[in-house]
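Working notes, structure below.
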Amino acid sequence: MSVAASTPASEIAPTLKLLTCNLQVGIHTSAYHHYLTRSWQHLLPHPKRSSRLDIVASALSAYDIVGLQEADGGSFRSNHVNQVEYLANRSAFDFHFQQLNRNLGHVAQHSNGLLSRLTPNRVDEHRLPGMRGRGAIHARYGEGPDALHVFVAHLALSQRGRLRQLDYLGEIIQPLHHVVVMGDLNCTPDQLLAHPRFCRALDLNPLKPQLSYPAWQPRRALDHILLSSSLRAEKPRVLEAMFSDHLPVAVDIHLPAACRRSIGMAHSRSADS
């Protein structure tokens, strides 16, 4: 899917603030037993879901590009609220994109989402191999070899499924230069490194695991913002905000001068040196 040309970004600093967040449809989970006692919220609306989304929107407003997983596209369980669109409007993002991965009609609209203060030159959707319901968003900012490519993905729970999905993403990423892959990848850094085709394609920066799951007592690094070696990053961090059963992960990245020019971002002479 193609979208309008990139909007002017002359007021944006050369650093981009990125965040990935698994929403779990706005269900507040703070203990393992909530998977049972609050499971009804995956099918039925909750009166506090709107106020929870407002809290999420307040946190997202500090970032330039946000990847969302387990958002609802506007069904009965979310009070017919498209959560991607709602968060974009409440956080004043100029651009948003919803990818519907599993359409259960009026019951549920399982979706990924992209919120961005820059308008991508192009956005493509990918249906990932394996069982239905897993997808990736590919947003391209700028043109030519120095464009920035941002992928938002939600991978399978099974190791076999993830292997196929990482191989699939690796084939797309292989010819690209400046790449970000973020989302709930459902695997630890060690498991990621066990997929050589994907790691070769992305040419990963050294992974710095951020424990993000479960939100109330993080023990596993399942949510990631992965960068190609051409992108320099500050230390990644986890937000201490329990929006769902995952904690959001954030990182600030510095783009090479050629990439900034491709996107149209302002840059200083000292930044190019």
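Each residue of the sequence shown is one higher than the one before, counting from 1 in this note's numbering. Glycine is no exception: its CB is placed at the ideal position from the N, C-alpha and C atoms. Treat the numbers as computed from the prediction; the structure is a model and nothing was measured.
Closest by C-alpha distance to residue 177, out of 70, 94 and 258, is 258. In the same chain as residue 111, and ignoring 5 residues on each side of it, the C-beta atoms closer than 7 Å to its own belong to 71, 72, 73, 84, 98, 99, 100 and 101, in chain order.
Shown here for residue 167: same chain residues with a beta carbon closer than 6 Å to its own, the five before and five after excluded, namely 197 in chain order. Runs of the beta strand (DSSP E) spanning 3 or more residues and lying entirely within the segment 158-232 occur at 178-184 and 223-227, in chain order. In the DSSP secondary-structure assignment, residue 148 is bridged to 141 and 178. In the DSSP annotation of this structure, the continuous segment of the alpha helix (DSSP H) that includes residue 87 starts and ends at 83-90. At the C-beta level, residue 233 and residue 245 stay beyond 8 Å of one another. Per DSSP, residue 244 is not a residue of any beta strand (DSSP E), being assigned neither H nor E. For residue 75, no alpha helix (DSSP H) segment is defined, and its DSSP state is neither H nor E.
Excluding five sequence positions before and after residue 262, the CB atoms of its chain that fall closer than 8 Å to its own CB belong to 141, 142, 143, 144, 146, 147 and 148, given in chain order. Separation of residue 120 and residue 171 (C-alpha to C-alpha, rounded to the nearest whole angstrom) is 21 Å.
DSSP, reduced to helix, strand and coil, places residue 115 within a strand of the structure shown.
Counting only residues of its own chain and dropping the five nearest sequence neighbours on each side, residue 162 has a CB closer than 7 Å to the CB of 155, 156, 186 and 187. The criterion of a C-beta distance shorter than 8 Å is not satisfied by residue 17 and residue 88. In this structure, the CA atom of residue 260 is about 35 Å from the CA atom of residue 52. With fewer than 16 other Cβ atoms inside 10 Å of its own Cβ, residue 92 counts as exposed. For residue 106, DSSP records no beta bridge to any residue. Here the C-alpha atom of residue 248 lies approximately 24 Å from the C-alpha atom of residue 79.
If you compare the alpha carbons of 21, 240 and 229 with that of residue 218, the shortest gap goes to 240.
Under the DSSP definition of a beta bridge, residue 253 partners with 16 and 233.
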